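The structure under discussion appears below in the form of structure tokens.
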Amino acid sequence: MPPAPAPRLLLIATMPWMLSVRLAKALRAVGFEVQAVCRAGHPLRHVDRRIPTHRLGWLREEASCEAAIRDVEPDLVIPCDDPAVGILHALHRHDRSGRLCAVIEASLGDPAGFAIAEKRSALIALARSMGVRVPRSEVVQHRPRSGCALPSSFPCVLKRDQTWSGMGVRVVHSDAELQYAWSYVAGWLGALRACKAALRDRRVPTFLDFFAHDAVVELQEFVPGSPANRAIVCRAGRVMGGISVVAEQTAYPGGPASVVRIIDHPEMAQAAALLAGRLGLSGFCGFDFVISPSGQAHLIELNPRATPIVHLAIGDGTHLPSSLYREMTGTEPEIAPAQVPGDLIALFPTEWQRDPASIFLQQAHHDAPWDEPALLRSCGLTPPQPAP
1382 MPPAPAPRLL
1392 LIATMPWMLS
1402 VRLAKALRAV
1412 GFEVQAVCRA
1422 GHPLRHVDRR
1432 IPTHRLGWLR
1442 EEASCEAAIR
1452 DVEPDLVIPC
1462 DDPAVGILHA
1472 LHRHDRSGRL
1482 CAVIEASLGD
1492 PAGFAIAEKR
1502 SALIALARSM
1512 GVRVPRSEVV
1522 QHRPRSGCAL
1532 PSSFPCVLKR
1542 DQTWSGMGVR
1552 VVHSDAELQY
1562 AWSYVAGWLG
1572 ALRACKAALR
1582 DRRVPTFLDF
1592 FAHDAVVELQ
1602 EFVPGSPANR
1612 AIVCRAGRVM
1622 GGISVVAEQT
1632 AYPGGPASVV
1642 RIIDHPEMAQ
1652 AAALLAGRLG
1662 LSGFCGFDFV
1672 ISPSGQAHLI
1682 ELNPRATPIV
1692 HLAIGDGTHL
1702 PSSLYREMTG
1712 TEPEIAPAQV
1722 PGDLIALFPT
1732 EWQRDPASIF
1742 LQQAHHDAPW
1752 DEPALLRSCG
1762 LTPPQPAP
């Protein structure tokens, strides 16, 4: 009897983020057939061992993704950034009983949880009702009046839904800063930042998304501490594996982590499992926390997509792509992944771009794709060879 065909995965990458490349390579290494939807010039198009790619239109992203899903007929679709999640949710709304609907539900989970997974404010309210530790927060419909009552004293955090990489978040320390922050998050300064982000991300809809009428702004209690993340892979709400990290360095204040340390934090793991079960999540997901000086984990938000650490194989044997492969095939991966040495990891290319002379590039495991010289050249970087 011939062997069963490898499960077929389709990655959707609207942003030129390196995590999609690292995940695609990890998934293919354990035995999956991998294809991707991305734009010309995306890092996925520069890997030495070619990944079949499908064109992502500059404006008609939903149509491009729908065509790719119908053409590839994947077992699962994996969103690699926030806009990709929104595209899949929109396709699901427009095709409630067809093939698209079935594969999207298999990939993301129970559609009843889509709206909550997309909105920070709704997630925080749900988590609070379940007893998960979260900061106090309050939705604000209009620019706060000077001297208005706040959910907590200063400092506090102004946040806008449907933003990423810190673009819609501002920590404020006074009433005057709050007024400026509103312009930064939801006003004309925010529009300028969205335009800049669209150029950075090479994605026109990033600018158009800023004007979405259903985006919610909230004021949230500021929790001092260290940013942390719990990445999981799950199926119909059941967690199959997870990795927890705390940020030792961020790309910029309030931005993504560039150096992380692997940790064991039961409160983070329990909160992620509770919410995954309640929302019926499937696929790769990331839960953002702040760990207070006393060690308490405060849930901040959910990213219902792949995050920058999902490809890592760590010392206790955890490897999320392998967990997904076992779940889908009932067999072990074709190749055992190489484990990350130690627990301190400099994420590529974020830490390199932050500071090419960073001490972390020497002291931590630098998670760069040393086997992909063309990909490294596409980043405009000429890295030193790793130490023997």
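The working numbering applies: residue 1382 is where the sequence shown begins, and numbers increase by one. Where is the CB? At the ideal position from N, CA and C, for every residue including glycine. From a predicted model like this one, the values you see are computed outputs, not experimental measurements.
According to DSSP, is residue i part of a helix, a strand, or is it coil?
{"i": "Ile1690", "result": "coil"}
{"i": "Lys1540", "result": "strand"}
{"i": "Leu1570", "result": "Only weak support is given to the placement of Leu1570: the predicted model assigns it a pLDDT of 49, under 50, and the value that follows is read from those uncertain coordinates. In this structure, Leu1570 counts as helix in the three-state DSSP scheme."}
{"i": "His1554", "result": "coil"}
{"i": "Ile1695", "result": "coil"}
{"i": "Thr1395", "result": "coil"}
{"i": "Cys1760", "result": "coil"}
{"i": "Gln1720", "result": "coil"}
{"i": "Glu1447", "result": "helix"}
{"i": "Ser1401", "result": "helix"}
{"i": "Cys1461", "result": "coil"}
{"i": "Gly1490", "result": "strand"}
{"i": "Ala1498", "result": "helix"}
{"i": "Ala1755", "result": "helix"}
{"i": "Arg1431", "result": "coil"}
{"i": "Val1453", "result": "helix"}
{"i": "Arg1619", "result": "strand"}
{"i": "Glu1715", "result": "coil"}
{"i": "Ala1562", "result": "helix"}
{"i": "Ala1638", "result": "strand"}
{"i": "Val1627", "result": "strand"}
{"i": "Arg1480", "result": "helix"}
{"i": "Arg1389", "result": "strand"}
{"i": "Val1515", "result": "coil"}
{"i": "Ala1727", "result": "strand"}
Relative to the alpha-carbon of residue i, which residue among the options has its alpha-carbon at the smallest distance?
{"i": "Arg1616", "options": "Ser1663, Ile1690 and Leu1391", "result": "Ser1663"}
{"i": "Ser1607", "options": "Asp1669, Pro1386, Arg1659 and Leu1559", "result": "Asp1669"}
{"i": "Ala1496", "options": "Asp1463, His1470 and Ala1727", "result": "His1470"}
{"i": "Gly1618", "options": "Ser1510, Ala1498 and Ala1755", "result": "Ala1498"}
{"i": "Glu1558", "options": "Arg1517, Glu1519 and Leu1600", "result": "Leu1600"}
{"i": "Cys1461", "options": "Leu1404, Cys1446 and Pro1433", "result": "Leu1404"}
{"i": "Ala1444", "options": "Cys1419, Arg1431, Leu1425 and Arg1430", "result": "Cys1419"}
{"i": "Glu1602", "options": "Ser1639, Pro1634, Lys1540 and Asp1476", "result": "Lys1540"}
{"i": "Ala1770", "options": "Met1621, Ala1653 and Val1620", "result": "Only positions 1382 to 1769 of the chain appear in this structure, which leaves residue 1770 out of reach."}
{"i": "Ile1393", "options": "Val1466, Met1399 and Arg1451", "result": "Val1466"}
{"i": "Pro1634", "options": "Gly1549, Ile1624, Ser1401 and Ala1738", "result": "Gly1549"}
{"i": "Pro1492", "options": "His1473, Arg1686, Pro1397 and Gly1636", "result": "His1473"}
{"i": "Ala1628", "options": "Pro1685, Val1538 and Phe1741", "result": "Phe1741"}
{"i": "Leu1756", "options": "Thr1395, Val1402 and Gly1698", "result": "Val1402"}
{"i": "Ile1690", "options": "Gly1676, Ala1487, Val1626 and Gly1711", "result": "Val1626"}
{"i": "Val1513", "options": "Ser1675, Pro1685, Arg1758 and Pro1647", "result": "Pro1647"}
{"i": "Ala1638", "options": "Pro1516, Trp1733, Gly1479 and Leu1656", "result": "Trp1733"}
{"i": "Ser1502", "options": "Glu1713, Leu1489, Ser1518 and Met1511", "result": "Ser1518"}
Would you give the residue range spanned by the beta strand (DSSP E) that residue i belongs to?
{"i": "Leu1656", "result": "Per DSSP, Leu1656 belongs to no beta strand (DSSP E); it is in the alpha helix (DSSP H), Pro1647 to Leu1660."}
{"i": "Gly1412", "result": "Counting along the chain, Gly1412 falls outside any beta strand (DSSP E), and DSSP gives it neither H nor E."}
{"i": "Phe1668", "result": "Gly1664 to Ile1672"}
{"i": "Gln1677", "result": "Gln1677 -> no beta strand (DSSP E), and no H or E assigned at all."}
{"i": "Leu1616", "result": "The amino acid occupying residue 1616 in the given sequence is Arg; Leu does not appear at that position. Here the beta strand (DSSP E) through Arg1616 covers Ser1607 to Arg1616."}
{"i": "Ser1534", "result": "No beta strand (DSSP E) holds Ser1534; DSSP gives it neither H nor E."}
{"i": "Leu1440", "result": "Per DSSP, Leu1440 belongs to no beta strand (DSSP E) and is neither H nor E."}
{"i": "Val1782", "result": "An answer regarding residue 1782 cannot be provided, because it is not within the stretch 1382 to 1769 covered by the chain."}
Would you please state the rounded distance, in angstroms, between the beta carbons of residue i and residue j? I believe it to be under 8 Å.
{"i": "Arg1735", "j": "Ala1632", "result": "5 Å"}
{"i": "Gly1667", "j": "Ala1612", "result": "5 Å"}
{"i": "Val1640", "j": "Leu1705", "result": "Not confirmed; about 26 Å, so no contact."}
The alpha helix (DSSP H) that contains residue i, what's its start and end?
{"i": "Leu1701", "result": "Leu1701 to Thr1710"}
{"i": "Ile1770", "result": "Only positions 1382 to 1769 of the chain appear in the structure, and residue 1770 is not among them; the question remains open."}
{"i": "Arg1735", "result": "Thr1731 to Arg1735"}
{"i": "Leu1425", "result": "Run containing Leu1425: none; DSSP gives neither H nor E here."}
{"i": "Leu1742", "result": "Phe1741 to Gln1744"}
With a CB to CB cut of under 6 Å and the five nearest residues on each side skipped, what residues in its chain are close to residue i?
{"i": "Gly1494", "result": "Leu1660 and Gly1661"}
{"i": "Ala1449", "result": "Val1418 and His1435"}
{"i": "His1554", "result": "Phe1535 and Pro1536"}
{"i": "Gly1438", "result": "Ser1445"}
Skipping 5 residues on each side, what residues in its chain have a beta carbon closer than 8 Å to that of residue i?
{"i": "His1746", "result": "Val1721, Pro1722, Gly1723, Leu1725, Ile1726 and Ala1727"}
{"i": "Pro1718", "result": "Ala1407, Ala1410, Val1411, Ala1694, His1700, Pro1702 and Ser1703"}
{"i": "Ala1421", "result": "Arg1436"}
{"i": "Leu1771", "result": "Shown here, the chain extends from 1382 to 1769; a query on residue 1771 therefore has no answer."}
Can you find the residues in the same chain that come closer than 7 Å, C-beta to C-beta, to residue i, ignoring five residues on each side of it along the sequence?
{"i": "Ala1387", "result": "Gly1412, Phe1413 and Glu1414"}
{"i": "His1427", "result": "Ala1755, Leu1756 and Ser1759"}
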